[in-house]
Amino acid sequence: MATDENLLGTRGLLPLCARRRIYWMHGYIQAMPEHEFVLWVIGAHAADRGKFVYELPSNVVEVREVFLDDALRLSGEQHEASFNDREHEALRRLVSLSNPDWDVLFDIFQRRRVHPLSFLQSRTFMDIFRDVCLAEYPYTPFADAFHTMRSMLLPVLYLLGSEVPVADVYHAISTGYGGLLACLGSSVHHAPVLLTEHGIYTREREEEIIRADWVVPSFKDRWIRFFYLLSEEIYRRAFHVTSLFHNARKTQIDMGCDADKCLVIPNGIQFDRFKDIPLKTDDGWVDIGAVVRLAPIKDVKTMIYAFFELHERLPKVRLHIMGGVDDEEYGAECHALVDTLGVRDLIFTGRVNVVEYMEKLDFTILTSISEGQPLSVLESLAARRPCVTTEVGCCRELLEGAPGDDFGVAGFVTPPMYRKGLADAMERMCTSRARRIEMGERGQRRVATYFLHEQMLANYRALYDETAQAFDLPERGSSRWPESVLSSSACLGARACLPRCALTLRRHCVHGSHAVGRAAPGGYLGAVRSVGCGPCQPGSAGVHGDLYAAGVAYAYKLFLHAGHALFGRHAFCRARDEILPSFWGSNASCSLRARCSTASFCCSRAPRCCRGCCACGCSTL
Numbered sequence: 001m002a003t004d005e006n007l008l009g010t011r012g013l014l015p016l017c018a019r020r021r022i023y024w025m026h027g028y029i030q031a032m033p034e035h036e037f038v039l040w041v042i043g044a045h046a047a048d049r050g051k052f053v054y055e056l057p058s059n060v061v062e063v064r065e066v067f068l069d070d071a072l073r074l075s076g077e078q079h080e081a082s083f084n085d086r087e088h089e090a091l092r093r094l095v096s097l098s099n100p101d102w103d104v105l106f107d108i109f110q111r112r113r114v115h116p117l118s119f120l121q122s123r124t125f126m127d128i129f130r131d132v133c134l135a136e137y138p139y140t141p142f143a144d145a146f147h148t149m150r151s152m153l154l155p156v157l158y159l160l161g162s163e164v165p166v167a168d169v170y171h172a173i174s175t176g177y178g179g180l181l182a183c184l185g186s187s188v189h190h191a192p193v194l195l196t197e198h199g200i201y202t203r204e205r206e207e208e209i210i211r212a213d214w215v216v217p218s219f220k221d222r223w224i225r226f227f228y229l230l231s232e233e234i235y236r237r238a239f240h241v242t243s244l245f246h247n248a249r250k251t252q253i254d255m256g257c258d259a260d261k262c263l264v265i266p267n268g269i270q271f272d273r274f275k276d277i278p279l280k281t282d283d284g285w286v287d288i289g290a291v292v293r294l295a296p297i298k299d300v301k302t303m304i305y306a307f308f309e310l311h312e313r314l315p316k317v318r319l320h321i322m323g324g325v326d327d328e329e330y331g332a333e334c335h336a337l338v339d340t341l342g343v344r345d346l347i348f349t350g351r352v353n354v355v356e357y358m359e360k361l362d363f364t365i366l367t368s369i370s371e372g373q374p375l376s377v378l379e380s381l382a383a384r385r386p387c388v389t390t391e392v393g394c395c396r397e398l399l400e401g402a403p404g405d406d407f408g409v410a411g412f413v414t415p416p417m418y419r420k421g422l423a424d425a426m427e428r429m430c431t432s433r434a435r436r437i438e439m440g441e442r443g444q445r446r447v448a449t450y451f452l453h454e455q456m457l458a459n460y461r462a463l464y465d466e467t468a469q470a471f472d473l474p475e476r477g478s479s480r481w482p483e484s485v486l487s488s489s490a491c492l493g494a495r496a497c498l499p500r501c502a503l504t505l506r507r508h509c510v511h512g513s514h515a516v517g518r519a520a521p522g523g524y525l526g527a528v529r530s531v532g533c534g535p536c537q538p539g540s541a542g543v544h545g546d547l548y549a550a551g552v553a554y555a556y557k558l559f560l561h562a563g564h565a566l567f568g569r570h571a572f573c574r575a576r577d578e579i580l581p582s583f584w585g586s587n588a589s590c591s592l593r594a595r596c597s598t599a600s601f602c603c604s605r606a607p608r609c610c611r612g613c614c615a616c617g618c619s620t621l
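Under the working numbering, the sequence shown has 117 at position 117, and the numbering climbs by one with no breaks.
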């Protein structure tokens, strides 16, 4: 995830911390060559920087990364900031978790550049904090309350000050911190937001917090309210909110999302990769596979306990746990549990090629305590391997069918964290090869009918097209500018920069040798403004003739957040010290002027590297 380097036109890698959603994103991006992608990724640990899994598809032009633990390293005394009444109220509501005005908060930490510690060390914060404690935690130790609130707020405030990519559309793949960045981008650049939830992120965090031993019991409710607060904002702001199955949509509506904006787009897999995998030869053993990362939410410990019990009943069974370690501590605990119990015939394979490894398996299991629509189950069914799963997400629907689906049962469902039930279900599957084959064929027919990758992509393309029409964005694969205009003469510097700019708008004076670009809302030049150039007097287009607009507008760019990920436009935004001198010489930044007749090009909406390029405060570059 490299970096500040511009990756346009190069090939790179996706981060190692990528999870199953990144696997989904990788296939998704590859299948949409008509779009360019910039990945804006939130990671937990800065130590993961530069650790990679997937080769970047050619249509990924940049990867940006933000790490939450960087926020914890902020230190030092900061100048105390002052806040007006509106800002004070927004901050008070944030601390009290009571529906703050996020646009005001975005303005404080993005446009005004208030340092997070300038607020957290301020008298304003302490006054608000005292009032919240007196109202909600009168008998809780001060230190516990202070550190809880600081831990909760500091990453949020840090993210609010992040450099925001300019985008046509911000598409988040979860609520929480990723959803917050999508809302930030939408506010700063006045662009629409889309949300796709693979699982209900807020409910997943709620389940984790309830079980967590690191959360002071009296503050578990506050942490849960905090994540609900984040989801409420993106539910409110999003143009459309998609989920993977109908019960998830119902949950989104129950949590406050407008039903009219909620859509169901099921996951899809590349069916042809799995459909012809031969069944395992009957060798007297039953081989069970689990495509799962070692993480608490996957409940691998219950899987180990259940397999231990199964192995006591049926000696000739093997369990293959296929996947990397997501949580090092939890992974170590799983290995230790295997040693403690003396479990035999259990193999931790690490990451493997699932398509190739599937030939070794008779059926698969999933023991998660929370899921959306797991791709591992869809892939197993496509390969004619039935499944035993916990009853989470849409697993029952995948194995037994939705209303109108009469293909039949393709596996067994058990309650989460129920060892005996899981062992019993695995035993039923192990005792009949004929049952496994019949169930596998049912599952394959279900996937072939309802869960194809091509169907999923068609649905997302329709979603993007609808968004483009609603917000007057460039249509997929097209430009708003005729080729005759795109090929207009420009300075050599502008031409050299065009390959690096997915969306570049050039303005030319009558000299035809100098240009300055400005990204406008919607990805095209909405109105031509007067701009001066080197040979011309600043702002003197009236003397030298009207400026005309030329633009290079590829299809609107998609920013995905793995996690957390986002869609959007990439502006012609190189630092003025690099670009402007190539056009007009070393004094360019002080020689440019622009006339502003509308607030639509306000400095607060300009990319950070562009601010200060012109005296009026508008975005010129």
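Even glycine gets a Cβ: it sits at the ideal position worked out from N, Cα and C. Note that the coordinates shown come from a computational prediction; the quantities given were computed from them, not determined experimentally.
Rounded Cβ spacing between leucine 105 and alanine 81 (contact assumed at less than 8 Å):
What you label residue 105 is simply residue 105 of the sequence shown in a count that begins at 1. What you label residue 81 is simply residue 81 of the sequence shown in a count that begins at 1. That belief does not hold up - the Cβ atoms of leucine 105 and alanine 81 are roughly 13 Å apart, past 8 Å.
Inter-stretch contact (C-beta, 8 Å, three-pair minimum) for the segment 342-350 and the segment 259-271
no
Rounded C-beta distance between valine 160 and tyrosine 177? I'm assuming under 8 Å.
Working through the sequence shown from its first residue, we reach residue 160 at position 160. Working through the sequence shown from its first residue, we reach residue 177 at position 177. Note that residue 160 is leucine in the sequence shown, not valine. Not a contact, Cβ separation roughly 11 Å.
Specify whether the segment 388-408 and the segment 344-360 touch according to this definition: at least 3 beta carbon pairs, one from each stretch, less than 8 Å apart.
Touching, no, given that fewer than three Cβ pairs across the two stretches are closer than 8 Å.
Buried versus exposed call for alanine 259 [16 or more other C-beta atoms within 10 Å across all chains shown]:
Here residue 259 corresponds to residue number 259 of the sequence shown, with the count starting at 1. Alanine 259 comes out exposed.
Would leucine 422 and threonine 431 be called neighbours here (beta carbons separated by less than 8 Å)?
As a working note, residue 422 is residue 422 in the sequence shown. As a working note, residue 431 is residue 431 in the sequence shown. No, Cβ-Cβ distance for leucine 422 and threonine 431 is not below 8 Å.
Through-space distance from isoleucine 108 to valine 300, alpha-carbon basis:
Stepping through the sequence shown from its first residue, residue 300 is reached at position 300. Stepping through the sequence shown from its first residue, residue 108 is reached at position 108. So the alpha carbons of these two residues sit roughly 43 Å apart.
Rounded to the nearest angstrom, what separates glutamate 371 and aspartate 283 at their Cα positions?
As a working note, residue 371 is residue 371 in the sequence shown. As a working note, residue 283 is residue 283 in the sequence shown. Computed Cα separation, rounded: 33 Å.
Could you give the C-beta distance for leucine 375 and cysteine 334, rounded to a whole number, given that I count them as a contact under 8 Å?
Residue numbering aside, residue 375 sits at position 375 when the sequence shown is read from its first letter. Residue numbering aside, residue 334 sits at position 334 when the sequence shown is read from its first letter. At roughly 22 Å, the Cβ-Cβ gap does not stay under 8 Å, so leucine 375 and cysteine 334 are not in contact.
Where glutamate 233 and cysteine 183 are concerned, what is the direct C-alpha to C-alpha distance, given to the nearest angstrom?
Within the sequence shown, numbered from 1, the residue matching residue 233 stands at position 233. Within the sequence shown, numbered from 1, the residue matching residue 183 stands at position 183. When rounded, the distance between both Cα atoms is 8 Å.
Three-way DSSP call (helix, strand, coil) for lysine 261 in this model:
As a first step, residue 261 must be located in the sequence shown, where it is residue number 261. If DSSP states are grouped into helix, strand and coil, lysine 261 belongs with the helices.
Arginine 111 at chain B interface by Cβ criterion, 8 Å
Chain labels in this structure do not include chain B; a single protein chain is all it has.
Using a Cβ-Cβ cut-off of 6 Å (strictly less than) and excluding sequence neighbours within five positions of valine 66, which residues of its own chain qualify?
Here residue 66 refers to the residue found at position 66 of the sequence shown. For valine 66, where only same-chain residues beyond five positions count, the Cβ hits under 6 Å are Ile42, Ser162.
Quick check: isoleucine 288 and phenylalanine 348, are their CB atoms within less than 8 Å of each other?
Within the sequence shown, the letter at position 288 stands for residue 288. Within the sequence shown, the letter at position 348 stands for residue 348. Contact: no.
Does the distance from the C-beta atom of glutamate 628 to that of arginine 318 stay below 8 Å?
Shown here, the chain extends from 1 to 621; a query on residue 628 therefore has no answer.
Let me make sure I understand the geometry here. Which of Asp103, Met255, Glu438 has the alpha-carbon closest to that of histidine 189?
Walking along the sequence shown from the start, residue 189 turns up at place 189. Of the candidates Asp103, Met255, Glu438, the one whose C-alpha sits nearest the C-alpha of histidine 189 is Asp103.
For a minimum of 3 consecutive residues, which ranges assigned as the beta strand (DSSP E) are wholly contained in the segment 183-250?
193-196, 240-243
How is aspartate 287 classed by DSSP in three states: helix, strand or coil?
Your numbering for residue 287 matches position 287 in the sequence shown. In this structure, aspartate 287 counts as strand in the three-state DSSP scheme.
Put isoleucine 347 into one of helix, strand or coil per three-state DSSP.
Stepping through the sequence shown from its first residue, residue 347 is reached at position 347. In the structure shown, isoleucine 347 sits in a strand (DSSP, three-state: E or B).
Assigned exposure category for arginine 436 - 16 Cβ within 10 Å defines buried:
Looking up residue 436 in the sequence shown gives position 436. Buried, by the Cβ-count rule.
Three-state secondary structure assigned by DSSP to alanine 172:
If you number the sequence shown from 1, residue 172 lands on position 172. In the structure shown, alanine 172 sits in a strand (DSSP, three-state: E or B).
Spatial neighbours of proline 266 within its chain, please: CB distance less than 7 Å, with the 5 preceding and 5 following residues excluded, ordered by chain position.
Numbered from its first residue, the sequence shown carries residue 266 at position 266. Result list for proline 266: Leu244, Phe245, Gln373, Tyr450, Phe451, Met456, in chain order.
Ends of the beta strand (DSSP E) at valine 355?
Reading the sequence shown from its first residue, position 355 is the one you call residue 355. Counting along the chain, valine 355 falls outside any beta strand (DSSP E), though it belongs to the alpha helix (DSSP H) covering 354-357.
Use the C-beta contact count for lysine 298: other C-beta atoms within 10 angstroms, 16 or more gives buried, fewer gives exposed.
What you label residue 298 is simply residue 298 of the sequence shown in a count that begins at 1. Classification of lysine 298: buried, given that the 10 Å Cβ count is 16 or more.
Under the rule that 16 or more other beta-carbon atoms within 10 Å means buried, what is serine 174, buried or exposed?
In the sequence shown, counting from the first residue as 1, residue 174 sits at position 174. By the Cβ-count criterion, serine 174 is buried, with 16 or more other Cβ atoms from all chains shown falling within 10 Å of its own Cβ.
Measure the Cβ-Cβ separation of proline 386 and glycine 440 and say whether it is below 8 Å.
In the sequence shown, the residue the question calls residue 386 occupies position 386. In the sequence shown, the residue the question calls residue 440 occupies position 440. Judged by beta-carbon spacing, glycine 440 lies within the 8 Å limit of proline 386, meaning their Cβ atoms are closer than that value.
Mind the definition here: the segment 56-66 touches the segment 133-153 only if three or more C-beta pairs lie below 8 Å; say whether that holds.
no
Beta-carbon proximity check, lysine 275 vs alanine 382, cutoff 8 Å:
Stepping through the sequence shown from its first residue, residue 275 is reached at position 275. Stepping through the sequence shown from its first residue, residue 382 is reached at position 382. Yes.
Would methionine 126 be called buried (16 or more neighbouring beta carbons within 10 Å of its own) or exposed?
As a position in the sequence shown, residue 126 is number 126, starting the count at 1. The residue is exposed, with fewer than 16 neighbouring Cβ atoms inside 10 Å.
Leaving out five residues before and five after tyrosine 235 in sequence, what residues of the same chain have Cβ atoms less than 8 Å from its Cβ?
Counted from its first residue, the sequence shown places residue 235 at position 235. Once the five neighbours on either side are set aside, the close Cβ partners of tyrosine 235 are Thr175, Leu195, Val241, Gln252, Met255, Gly256, Cys257, Asp258.
Of the choices Tyr170, His79, Trp24, whose alpha-carbon is the least far from that of valine 38?
In the sequence shown, residue 38 corresponds to position 38, counting from 1. Taking only the C-alpha atoms, the option nearest valine 38 is Tyr170.
Assign tyrosine 628 to one of two classes, buried (16 or more other C-beta atoms within 10 Å of its C-beta) or exposed (fewer than that).
Residue 628 lies beyond the range of the chain shown here (1 to 621); nothing can be said about it.
Can you give me the C-alpha to C-alpha distance between methionine 417 and valine 216, rounded to a whole angstrom?
The residue given as residue 417 occupies position 417 in the sequence shown. The residue given as residue 216 occupies position 216 in the sequence shown. Roughly 24 Å separates the two Cα atoms.
List the endpoints of the continuous alpha helix (DSSP H) containing valine 104.
To locate residue 104, count along the sequence shown from 1; it is residue 104. Start and end: 102-106.
For histidine 320, the first and last residue of its enclosing beta strand (DSSP E)
Here residue 320 refers to the residue found at position 320 of the sequence shown. 317-322 is the span of the beta strand (DSSP E), which, as asked, contains histidine 320.
Starting from phenylalanine 363 and walking both ways along the beta strand (DSSP E), at which residues does that stretch end?
Here residue 363 is taken as the residue at index 363 of the sequence shown, counted from 1. Counting along the chain, the beta strand (DSSP E) containing phenylalanine 363 begins and ends at 363-366.
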